[in-house]
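All remarks here apply to the structure that follows.
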Amino acid sequence: MLRSNVSRIDPKRRNLDHRKKQFAEAAYKDIDYPHRLNFYSTPPTADITIEQFEQWAIDRLRILAELEACSFRNKTPAETASHMKPLLDKYLPLDTNSSSSSQLFAQRQKDHYSHFILRLAFASTEDLRRRFTRVETMLFRMRLNTDDGRERAAFINSLNLDWDTVSDEERRELAAELAATASFGQKKGGGGASAGGYEEENQQTWCKVDWTRVPELVEQRRVFLRQGYAYVPAREQQAMVVSEFSSRLERQLELTARALPRLDEDDRLTPILAHLSKNFITPDASYVGTSSAISSADISARNIDTLVANHHFPACMSHLHRTLRRDAHLKHYGRLQYTLFLKGIGLNLEECLLFWRQSFNKITDDTFNKEYRYNVRHTYGDVGGDSNRRGGGYSPYSCQKILTEHPPGPGEAHGCPYRHFNMENLQTLLQQGMGVTERGVLNGVKEDKEKQKFHMACNRVFEHLHKEELKKAKDDGIMTAAQLETIVHPNEYFKRSYLLKNMGKMSGQGGDVKMES
Numbered sequence: 001m002l003r004s005n006v007s008r009i010d011p012k013r014r015n016l017d018h019r020k021k022q023f024a025e026a027a028y029k030d031i032d033y034p035h036r037l038n039f040y041s042t043p044p045t046a047d048i049t050i051e052q053f054e055q056w057a058i059d060r061l062r063i064l065a066e067l068e069a070c071s072f073r074n075k076t077p078a079e080t081a082s083h084m085k086p087l088l089d090k091y092l093p094l095d096t097n098s099s100s101s102s103q104l105f106a107q108r109q110k111d112h113y114s115h116f117i118l119r120l121a122f123a124s125t126e127d128l129r130r131r132f133t134r135v136e137t138m139l140f141r142m143r144l145n146t147d148d149g150r151e152r153a154a155f156i157n158s159l160n161l162d163w164d165t166v167s168d169e170e171r172r173e174l175a176a177e178l179a180a181t182a183s184f185g186q187k188k189g190g191g192g193a194s195a196g197g198y199e200e201e202n203q204q205t206w207c208k209v210d211w212t213r214v215p216e217l218v219e220q221r222r223v224f225l226r227q228g229y230a231y232v233p234a235r236e237q238q239a240m241v242v243s244e245f246s247s248r249l250e251r252q253l254e255l256t257a258r259a260l261p262r263l264d265e266d267d268r269l270t271p272i273l274a275h276l277s278k279n280f281i282t283p284d285a286s287y288v289g290t291s292s293a294i295s296s297a298d299i300s301a302r303n304i305d306t307l308v309a310n311h312h313f314p315a316c317m318s319h320l321h322r323t324l325r326r327d328a329h330l331k332h333y334g335r336l337q338y339t340l341f342l343k344g345i346g347l348n349l350e351e352c353l354l355f356w357r358q359s360f361n362k363i364t365d366d367t368f369n370k371e372y373r374y375n376v377r378h379t380y381g382d383v384g385g386d387s388n389r390r391g392g393g394y395s396p397y398s399c400q401k402i403l404t405e406h407p408p409g410p411g412e413a414h415g416c417p418y419r420h421f422n423m424e425n426l427q428t429l430l431q432q433g434m435g436v437t438e439r440g441v442l443n444g445v446k447e448d449k450e451k452q453k454f455h456m457a458c459n460r461v462f463e464h465l466h467k468e469e470l471k472k473a474k475d476d477g478i479m480t481a482a483q484l485e486t487i488v489h490p491n492e493y494f495k496r497s498y499l500l501k502n503m504g505k506m507s508g509q510g511g512d513v514k515m516e517s
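For the sequence shown, UniProt numbering gives the first residue as 1, with consecutive numbering after it.
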């Protein structure tokens with residue numbers, strides 16, 4: 001049990017601990033889980049074993065990590081729910097009240113405790129807090145959507161959320177304004193909703209909140225805005241519950257982060273919490289250093305141009321290479337993004353220095369050594385602090401990092417073309433730089449970009465450029481469906497492309513062609 005050894009504590013402290021224990025036991029007896037869903041507003045206070053502490057956290061971590069992987073691979077909500085169901089049933093089951101299961105309390109207790117254990121583990125840094133909030137919100141949304149209708153309504157009513165219910169008179173006024181707006185849109189040639197649709201809206205229960213509380217619904221134009229309020233119909237109120245869950249969790253994690261330095265934790269818990277946070281890795285975290293490089297591939301400064309010409313580089317790296325060849329220079333973030341990619345595909349430090357020196361052909365050796373050489377060595381972990389050298393330098397950037405950090409400014413070439421280019425420039429890059437001329441593919445990329453499905457656009461181009469090799473690999477059974485999931489890392493793009501293009505040449509070299517899932 002998670003208790004202190006009271007034999008070494010003075011009598012006053014022992015009495016205090018005894019009172020705390022009595023309070024905890026009383027609270028434990030009063031704990032009730034009337035609903036399947038939980039906003040996790042009340043921390044647990046009862047004792048659990050160290051084995052439960054660790055195992056419950058690990059089980060929940062499995063679920064959160066898999067949810068994040070689904071997000072990276074752009075699975076739809078339906079696909080994610082289907083993929084997650086067997087995992088949830090195995091590691092974190094949560095039955096409804098109507099199921100009459102004898103395990104309801106045990107399931108909900110595990111869900112309650114495991115959330116707070118991981119909250120302790122992931123409150124230490126802003127990045128961990130952000131990721132934890134995102135995946136916990138995904139889990140809550142999935143459970144909310146699959147909950148029994150009556151139980152879901154009872155849960156929402158129990159939250160006492162600060163919503164103003166719209167009166168019948170105000171609802172009629174609102175419906176009249178909506179109908180007038182639709183009529184105006186039809187006269188202007190727009191596609192307004194039918195009058196029947198507004199009569200249906202008028203029968204719903206509406207609520208109104210400050211519009212800043214529902215930014216997603218405002219962005220998607222799924223609410224009516226009037227005098228600073230968002231009027232939300234019943235069918236959209238689930239989104240408000242999810243938004244409230246997310247905002248509350250963000251605030252609670254910040255409070256937890258402030259309290260962490262003052263917590264007098266059991267010495268046995270600290271390493272467990274540290275281990276949990278370190279193992280909350282992103283789905284692309286396997287691309288560290290040169291560990292993902294292809295051992296039998298000839299990667300050197302002299303053949304980088306050939307690798308680009310053979311379409312082994314994704315659009316982001318192809319653009320960086322073309323810009324480097326055109327200008328004989330890249331700005332800082334472009335150099336960093338490209339150097340890490342080259343490092344990840346297997347270009348060693350000596351060859352990388354040679355590559356950059358030959359590419360920067362408008363400057364002297366002295367200028368290169370003074371201004372650029374050290375940065376390349378530091379990226380590889382050859383110089384710098386002890387931790388940098390021990391860790392082998394920096395890891396290649398994932399798609400997620402490229403998409404979300406350091407957007408390119410004027411004169412910069414880094415970033416993701418599918419996100420940061422306008423459509424005209426993106427089509428020019430795809431057509432002239434990568435040989436994508438098929439109109440159907442270009443139209444598909446345009447649709448993906450408009451829907452902000454940048455991973456899907458990149459994978460669409462990859463499948464077009466490698467369609468013959470992909471067909472052969474599938475027909476010959478070289479790759480499974482799991483090994484052809486959505487690419488979420490530029491180095492994964494290169495590795496898969498290189499192996500596909502060299503299947504015949506590499507088939508007798510120790511099975512290197514076999515893809516890692």
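We treat Cβ as the ideally placed atom computed from N, Cα and C, and that holds for glycine. All values derive from a computational prediction rather than experimental measurement.
Give the single residue among Val488, Ser497, Thr367, Glu450 whose Cα lies nearest to the Cα of His464. One-based indexing of the sequence shown puts residue 464 at position 464. Ranking the options by Cα distance to His464, first place goes to Ser497.
Measure the Cβ-Cβ separation of Thr486 and His466 and say whether it is below 9 angstroms. Locating residue 486 in the sequence shown gives position 486, counting from the first residue. Locating residue 466 in the sequence shown gives position 466, counting from the first residue. No; because the gap between Cβ atoms is not below 9 angstroms, this pair is not in contact.
So is Tyr374 buried or exposed if we call it buried at 16+ other beta carbons inside 10 Å? Start at 1 with the first residue of the sequence shown, and residue 374 comes out as number 374. So Tyr374 ends up on the exposed side.
Rounded C-beta distance between Ala230 and Leu217? I'm assuming under 8 angstroms. Residue mapping note: residue 230 aligns to position 230 of the sequence shown, counting from 1. Residue mapping note: residue 217 aligns to position 217 of the sequence shown, counting from 1. Correct: roughly 7 angstroms between the Cβ atoms.
Report the three-state DSSP secondary structure of Cys416 (helix, strand or coil). For the purposes of this step, residue 416 is taken as the residue at position 416 of the sequence shown. It is coil, neither helix nor strand.
Could you say which of Ile363, Asp164, Tyr113, Val488 lies nearest to Leu403 if we only look at CA atoms? Walking along the sequence shown from the start, residue 403 turns up at place 403. It is Val488.
Looking at the strands, I want to know which residues DSSP matches up with Arg226. Position 226 of the sequence shown, counting from 1, holds the residue named residue 226. Answer is Tyr229, bridged to Arg226.
Would a C-beta distance cut-off of 9 angstroms place Thr339 and Val383 closer than the cut-off? Within the sequence shown, numbered from 1, the residue matching residue 339 stands at position 339. Within the sequence shown, numbered from 1, the residue matching residue 383 stands at position 383. No, the pair does not count as a contact, with Cβ atoms beyond the cut-off.
Just the Cα atoms here: how many angstroms apart are Thr290 and Ala315? Working through the sequence shown from its first residue, we reach residue 290 at position 290. Working through the sequence shown from its first residue, we reach residue 315 at position 315. Reliability of the predicted coordinates at Thr290 is poor, the pLDDT of 48 falling under 50, and the value obtained from them is presented with this limitation in mind. Taking the straight line joining both Cα atoms gives about 21 angstroms.
Suppose the cutoff is 7 angstroms on Cβ atoms and the five residues either side in sequence are ignored; what does the same chain contact list for Pro407 look like? Working through the sequence shown from its first residue, we reach residue 407 at position 407. Closer than 7 angstroms at the Cβ level, and outside the excluded window around Pro407, lie Gly415, His420.
Quick check on this structure: which residue in Leu178, Glu405, Ser41, Asn145 has the alpha carbon closest to the alpha carbon of Ser82? Against the sequence shown, residue 82 aligns to sequence position 82. Answer by Cα proximity: Asn145.
Should the segment 56 to 68 be regarded as contacting the segment 34 to 44, the criterion being three or more beta carbon pairs within less than 8 angstroms? no
Own chain, CB closer than 7 angstroms to Ala106, minus 5 neighbours either side, in chain order: Here the question's residue 106 lines up with position 106 in the sequence shown. There are no such residues.
Applying the criterion that 16 or more other CB atoms from any shown protein chain within 10 Å of the CB defines a buried residue, is Gly393 buried or exposed? Locating residue 393 in the sequence shown gives position 393, where the first residue counts as 1. Buried: at least 16 other Cβ atoms inside 10 Å.
Terminal residues of the continuous beta strand (DSSP E) containing Lys209? Position 209 of the sequence shown holds residue 209. Looking at the sequence itself, residue 209 is Val, so the reference to Lys does not match. 207 to 210 is the extent of the beta strand (DSSP E) around Val209.
Bridge partners for Asp448 per DSSP, in chain order? Looking up residue 448 in the sequence shown gives position 448. Answer by DSSP bridge pairing: none, since Asp448 is not bridged.
For Ala57 and Leu159, I'd like the C-alpha separation in whole angstroms. What you label residue 57 is simply residue 57 of the sequence shown in a count that begins at 1. What you label residue 159 is simply residue 159 of the sequence shown in a count that begins at 1. Between Ala57 and Leu159, the C-alpha separation is close to 26 angstroms.
From Lys501, Glu54, Thr49, residue whose alpha carbon lies closest to that of residue 524: This structure does not reach residue 524, given that the chain is present from 1 up to 517, and the question cannot be answered.
Paired residues, beta bridge with Asp327 - DSSP: The residue labelled residue 327 in the question sits at position 327 within the sequence shown. DSSP lists no partner for Asp327.
Using a Cβ-Cβ cut-off of 7 angstroms (strictly less than) and excluding sequence neighbours within five positions of His332, which residues of its own chain qualify? Translated into positions along the sequence shown, residue 332 becomes position 332. There are no such residues.
Supposed contact pair Asn491 and Ile345 - C-beta distance, whole angstroms, cut 8 angstroms: Residue 345 sits at position 345 when you count from the first residue of the sequence shown. Residue 491 sits at position 491 when you count from the first residue of the sequence shown. That belief holds up - the Cβ atoms of Ile345 and Asn491 are roughly 6 angstroms apart, short of 8 angstroms.
Please report the straight-line C-alpha distance between Lys449 and Tyr418, rounded to a whole angstrom. Here residue 449 is taken as the residue at index 449 of the sequence shown, counted from 1. Here residue 418 is taken as the residue at index 418 of the sequence shown, counted from 1. Answer to the nearest angstrom: the Cα atoms are 6 angstroms apart.
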